[in-house]
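If you count by this note's numbering, then the sequence shown holds residues 197 to 295, one letter each, in order.
For every residue, glycine included, the Cβ atom is placed at its ideal position computed from N, Cα and C.
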Amino acid sequence: MGRIADHVYTDPSDIARLEGIVRALDIGDRVSLLLDDGEVVQGIVADKPRTQLFVDHEGREGMNGTVRLDEEAMVAPERAAWRDLMIDRIREVRHHNPP
């Protein structure tokens, strides 16, 4: 499998929360993401996120997901700086797409 996550989820309400975040993010969206530790990450969604099966460090299987952001694209489009984030860390999504 090869997909390791710090946290995995099996409860339907937790999985529904993850899937809701995934639905809120689409390729090309300009977003600010508030993370669970208070950090705010800004960037453009570079790939459609999705939930998938992961294994935690204890060997338990469950769901989580990732989103890839291009952090530099919002300020310096000529420099790509990819960052992959675990979906479960996202507490809030703010869109900055032009009208």
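Alpha-carbon spacing of residue i relative to residue j, whole angstroms
| i | j | result |
| --- | --- | --- |
| L265 | H292 | 14 Å |
| R287 | P294 | 23 Å |
| A242 | L229 | 14 Å |
| V263 | V227 | 12 Å |
| I240 | L231 | 16 Å |
| P208 | E267 | 31 Å |
| Y205 | G258 | 5 Å |
| K244 | I223 | 5 Å |
| D225 | A201 | 25 Å |
Candidates the options: closest to residue i by CA position
| i | options | result |
| --- | --- | --- |
| T247 | V289, R219, A277 | R219 |
| D210 | I283, R290, R279 | I283 |
| L281 | T206, E254, A212, L221 | L221 |
| R213 | R199, A277, G261, E268 | G261 |
| R285 | D225, G224, I200, G234 | G234 |
| H203 | V289, A277, R290, R256 | R256 |
Enclosing alpha helix (DSSP H) for residue i [first to last residue]
| i | result |
| --- | --- |
| G258 | That residue, G258, is in no alpha helix (DSSP H); its beta strand (DSSP E) goes 257 to 266. |
| D210 | 208 to 219 |
Start and end residues, beta strand (DSSP E) containing residue i
| i | result |
| --- | --- |
| I240 | 236 to 251 |
| V289 | 286 to 291 |
| R226 | 226 to 231 |
| D222 | Premise fails: D222 is in no beta strand (DSSP E) and is neither H nor E. |
Whole-Å CB distance - residue i paired with residue j, under 8 Å assumed
| i | j | result |
| --- | --- | --- |
| V237 | R279 | 7 Å |
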